[in-house]
DNA sequence: CGATTTTCATTTGTCTGACATTTGTGCTTG
DNA sequence: CAAGCACAAATGTCAGACAAATGAAAATCG
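Chains as they are written, first to last, in full-length UniProt numbering: chain D, 1 to 242; chain C, 1 to 242.
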């Protein structure tokens, strides 16, 4: 691990990059202990605060974890699916909120990916996942439910559908789409949409999943997408009219 | 922005979290300038190195950028699709390499998502994208091409297919899948696969895309998936036999 | 007066040295 | 032998200082 003395970039960024490369390349394996901060400082010929800034950068990406005490130090972290989900959701949320992504584009991407799960979910869905979905549908039918709770239930429903595919990589990839976009969509459309209609579609989707009918699931998801789009366009049109 | 004095977590992590929340919630908007490090240190009642560690954590997630000099400081960064791609790829690569994800699972997820692009790509693909794909196919047909170059060309080919959907959100979501998993798959299967067969499938996919035939694209992607899986299983079986 | 140069204040980047806190280890002692 | 204690090592935090970059204001010159 070496850094380029001629680079103008921050030393802490260079050091972080060097260590990251060592991890990605496999030079540092999972649970390996990095040299102590003092040793790293000596090795890179910088001060300890600079090394610490580099380590914090890596910690922010869940690449390392630190432990205090005698046998402590910085260790290469096994990036869990849970941690990766979290980062994925944060990044996706910010990406959407900062880039004026049109509703149509976000909606299209989200449903395209969700439909990709349909064949797998139809094949592998468990009773647990069906039960979760039916429970959420029941909650969504309660008259007194707040908009926030309805939205949260909606997210849980769709995640159960995605998890039904039984593929953790796919679930990870979709976490960003469902958890980041669904609230965004709900925020825009919650005032106008018909809960009855959504509950009806959710019920039909669950039935199709129970019957292991992938084509039906895909068609119903397309219906849900079309309905969501229609509501959003109506709201946009009304806003323009004013 | 406040931190909990009773928390046992690192101060720099708490401060980073507080600022991150302010950004995500919209309290700090894009290009807004954060208080100077000295002011933040004063505000949170911590030292400047601690504040700096917090800021480096945020910088590692591309949430802020810093600038030196009189009018410098830390600014809320507009998270670009490019930056998000990069993070997505790093995270996906590590997730796959550290979690003993089976080849089958990764392969299934990757092709499921890519097939999700097929209908949109068939509708919107441009001449440029077709040209890119044909150029890559031509490169892949060169006899003297190294395995690394063939793999890189393969990635470019599939990215052009994905970008053909004309949906940046979808492209972003798939960046992790294609750029992280494709090299992994190539690394495993490159020794046994038939380049002729892959080139033939790529050609057929490009033809189907030119003809705007989504079902055909999906079927051919399924063929490619099946072929990749078959090779991987053969290699695994041979390894077991030894 | 206008253009150029100089100075200067502000801010981040880095260093030094120190102390606090945590935690495993091994020694001491009952 | 076991409980407790001192110690060492490592991270977490702090204070103060200087270096370097950079834009703005002031001074200078044609």
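Think of the CB as a built atom: it goes at the ideal place given N, C-alpha and C, for glycine as much as any other residue.
> By the criterion of Cβ-Cβ separation under 8 Å, what are the contact partners of residue 81 of chain D in chain C?
Replying inline: 95, 99
>> Here's a check: name, in chain order, each residue in its chain whose Cβ is nearer than 8 Å to the Cβ of residue 206 of chain C, leaving out the five neighbours to either side.
In response: 130, 133, 134, 137
>> Below 9 Å on C-beta distance, what does residue 183 of chain C contact in chain D?
In response: Ordered by position in chain D, no residue passes the 9 Å Cβ test against residue 183 of chain C, which lies about 12 Å from the chain.
> residue 159 of chain C and residue 178 of chain C look like a contact to me (Cβ under 8 Å); what is the Cβ gap, rounded to whole Å?
Replying inline: 6 Å
>> At the 8 Å Cβ level, is residue 14 of chain C part of the contact set with chain D, yes or no?
In response: no
> Hey, residue 56 of chain D and residue 56 of chain C: beta-carbon distance below 8 Å or not?
Replying inline: yes
>> Quick test of your reading: residue 111 of chain C and residue 175 of chain C, contact by CB under 8 Å. State the CB separation rounded to the nearest angstrom.
In response: Not a contact, Cβ separation roughly 16 Å.
> Closest Cβ-Cβ distance between residue 187 of chain D and chain C: below 8 Å?
Replying inline: no
> Thinking just about the alpha-carbon of each residue, which of D/77, D/44, D/31, D/36 is nearest to the one in residue 68 of chain D?
Replying inline: D/36
> Which whole-angstrom value describes the C-beta separation of residue 212 of chain D and residue 123 of chain D, a residue pair presumed to lie in contact below a C-beta threshold of 8 Å?
Replying inline: 7 Å
>> According to DSSP, residue 76 of chain C sits in a beta bridge with which residue or residues?
In response: C/64
>> Please return the same chain residues whose Cβ sits closer than 8 Å to the Cβ of residue 155 of chain C, not counting the five positions on each side in sequence.
In response: 178, 179, 182, 183
> Rounded to the nearest angstrom, how far is the Cβ of residue 118 of chain D from that of residue 218 of chain D, given a contact under 8 Å?
Replying inline: 5 Å
> In whole angstroms, what is the alpha-carbon distance linking residue 235 of chain C and residue 103 of chain C?
Replying inline: 12 Å
>> I'd like to know if the segment 84 to 99 of chain C and the segment 78 to 93 of chain D are in contact, where contact means that at least 3 CB-CB pairs between them fall below 8 Å.
In response: yes
> What residues in the segment 206 to 231 of chain D have a beta carbon less than 8 Å from any beta carbon of chain C?
Replying inline: none
> Among D/34, D/93, D/12, which one has its Cα closest to the Cα of residue 45 of chain D?
Replying inline: D/12
> What does residue 67 of chain C reach in chain D if we use C-beta pairs closer than 8 Å?
Replying inline: Neighbours of residue 67 of chain C on chain D: none; closest Cβ ~12 Å, over 8 Å.
> Given that residue 91 of chain C touches chain D, what residues does it touch there, using C-beta distances under 8 Å?
Replying inline: 61, 79, 84, 87, 88
> Using a C-beta cutoff of 8 Å, does residue 168 of chain C count as contacting chain D?
Replying inline: yes
> Among D/50, D/24, D/165, which one has its Cα closest to the Cα of residue 10 of chain D?
Replying inline: D/50
>> Rounding to the nearest angstrom, what Cα-Cα distance links residue 89 of chain D and residue 108 of chain D in this structure?
In response: 18 Å
> Taking all protein chains shown into account, do 16 or more other C-beta atoms lie within 10 angstroms of the C-beta of residue 20 of chain C, making it buried, or fewer, making it exposed?
Replying inline: buried
>> Counting C-beta neighbours from all protein chains within 10 Å, is the total for residue 71 of chain C 16 or more, i.e. buried, or is it exposed?
In response: exposed
> Between which two residues does the alpha helix (DSSP H) containing residue 190 of chain D stretch?
Replying inline: Segment: none, residue 190 of chain D is in no alpha helix (DSSP H) and carries neither H nor E.
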